[in-house]
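Residue numbers (the numbering used here): 2 to 294. Note sheet for the following structure.
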């Protein structure tokens with residue numbers, strides 16, 4: 002009898018184990034479908050794009066930016082074309098911070114906010130391609146004509162907008178930032194001990210970050226950007242266009258050190274920081290970043 006009883010107990014336990022529902026997870030991160038992407042482009046429309054202030058005879062910086070954007074759009078469309086139509090669930094958009102004074106900018110950004118789903122018609126690819134071939138140049142020309150360069154408030158964007166604008170729970174989120182690497186805006190300029198919301202060439206010189214031991218100085222004095230967000234682990238960031246002022250051979254490395262430390266502090270695991278190179282050199286990097294291969 003005892004043997005029969007134990008046997009029945011074992012069968013009962015095994016049966017219960019099979020029918021029990023999976024345990025609920027209270028703090029699990031949202032599931033991400035890496036095949037669905039959400040691409041954002043944040044454009045720094047400060048005087049770095051002004052051909053009079055920062056001329057470049059090889060290729061003006063605003064022209065480089067428009068080609069970078071075209072490469073991003075190319076990578077985005079390539080990704081979608083590699084999928085089955087029924088799996089389409091992807092989007093791309095462009096942001097500025099702060100918004101330029103030209104009211105047409107709002108219309109441009111509306112036009113550049115594009116999305117694909119299973120009901121998207123095939124000719125939409127050509128329409129998106131046309132938009133991204135024409136509108137970015139219009140944006141830069143408008144900003145240059147306006148001439149009111151108030152800086153780009155990248156720090157505030159990361160503090161108050163990046164989660165709402167650039168991160169979707171069920172997608173692979175990629176943010177491209179087009180900037181020279183300096184961070185400054187008159188309305189968001191503050192310091193917490195030796196950390197700041199800004200970085201300028203004047204600041205770099207004033208703090209003697211002009212020699213090969215700049216990393217030691219940064220570490221010793223705890224220099225860096227003030228942390229703008231706590232956990233951006235579900236965001237990939239690619240910074241394009243780092244362009245240090247001439248005169249300090251270590252300026253570019255200082256700028257990249259600031260950005261890298263900032264990203265690490267905000268738990269951004271996947272990031273790249275690239276200099277203002279010709280678009281033909283950066284396009285393969287951009288395409289690879291989007292494909293994830």
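The beta carbon of each residue, even a glycine, is placed where N, CA and C say it ideally should be.
Can you list, in chain order, the residues of its chain with a C-beta nearer than 7 Å to that of residue 10? Leave out the 5 residues immediately preceding and following it.
Here the model assigns residue 10 a pLDDT of 46, short of 50, so the residue's position is not dependable, and the following value carries that caveat. Cβ neighbours of residue 10 beyond the five flanking positions: none.
Nearest CA to the CA of residue 220: which residue from 115, 196, 264 and 161?
196
Would you call the stretch 172-192 and the stretch 238-255 touching, i.e. three or more CB-CB distances under 8 Å?
yes
Using the rule of at least 16 other Cβ atoms within 10 Å of the residue's Cβ for burial, across every protein chain shown, is residue 153 buried or exposed?
buried
Identify every residue that forms a DSSP beta bridge with residue 186.
152
Going by CA-CA distance only, name the one from 121, 75 and 165 that's closest to residue 87.
121
What is the residue span of the beta strand (DSSP E) that residue 1 lies within?
Summary: the structure shown does not reach residue 1, with the chain confined to residues 2 through 294, and so no result is reported for it.
May I have the straight-line CA-CA distance separating residue 41 from residue 92, to the nearest angstrom?
8 Å
Going by beta carbon distance, what residues of the same chain come within less than 8 Å of residue 267, once the five residues before and after it are set aside?
159, 228, 229, 230, 231, 232 and 233
Return the first residue and the last residue of the beta strand (DSSP E) that residue 177 is part of.
Residue range 172-179 is occupied by the beta strand (DSSP E) that includes residue 177.
Is it true that the stretch 93-101 meets the stretch 50-57, where meeting means three or more beta-carbon pairs spaced less than 8 Å apart?
Taking a contact to require three or more Cβ pairs closer than 8 Å, the stretch 93-101 and the stretch 50-57 do not qualify as touching.
Measuring straight from C-alpha to C-alpha, what distance separates residue 79 and residue 193?
44 Å
Would the stretch 97-106 and the stretch 134-143 be scored as touching if the rule is three or more Cβ pairs under 8 Å?
yes
Of the choices 286, 99 and 126, whose alpha-carbon is the least far from that of residue 89?
126
Contact defined as beta carbons within less than 8 Å: I believe residue 225 pairs with residue 262. What is the distance between those atoms, to the nearest angstrom?
5 Å
Return the first residue and the last residue of the beta strand (DSSP E) that residue 241 is part of.
236-243
Determine the direct distance from the alpha carbon of residue 190 to that of residue 286, and round the result to whole angstroms.
33 Å
So is residue 37 buried or exposed if we call it buried at 16+ other beta carbons inside 10 Å?
buried
Roughly how many angstroms lie between the CA atoms of residue 276 and residue 217, to the nearest whole one?
23 Å
Comparing alpha-carbon positions, which option in 65, 119, 238 and 204 lies nearest residue 43?
238
Measure the C-alpha to C-alpha separation of residue 72 and residue 279 and round it to an integer number of angstroms.
The straight-line gap from Cα to Cα measures roughly 12 Å.
What did DSSP end up calling residue 115 once you bin it into helix, strand or coil?
Here residue 115 sits in strand by DSSP.
Contact defined as beta carbons within less than 8 Å: I believe residue 235 pairs with residue 162. What is the distance between those atoms, to the nearest angstrom?
Wrong, their Cβ atoms sit about 16 Å apart, outside the cutoff.
Would you kindly work out how many angstroms separate the C-alpha atoms of residue 290 and residue 212, rounded to a whole number?
32 Å
Between which two residues does the beta strand (DSSP E) carrying residue 274 extend?
272-276
Which first and last residues belong to the alpha helix (DSSP H) in which residue 134 is found?
125-147
Looking at the secondary structure, which residues open and close the alpha helix (DSSP H) in which residue 76 lies?
62-82
Who are the near neighbours of residue 273 in its chain, counting only those whose CB is closer than 8 Å to its CB and skipping five residues on each side?
The residues are 238, 239, 240, 286 and 290.
Contact check, residue 215 vs residue 251 under 8 Å by CB: the rounded distance?
5 Å
Do you know how far the Cα of residue 139 is from the Cα of residue 200?
29 Å
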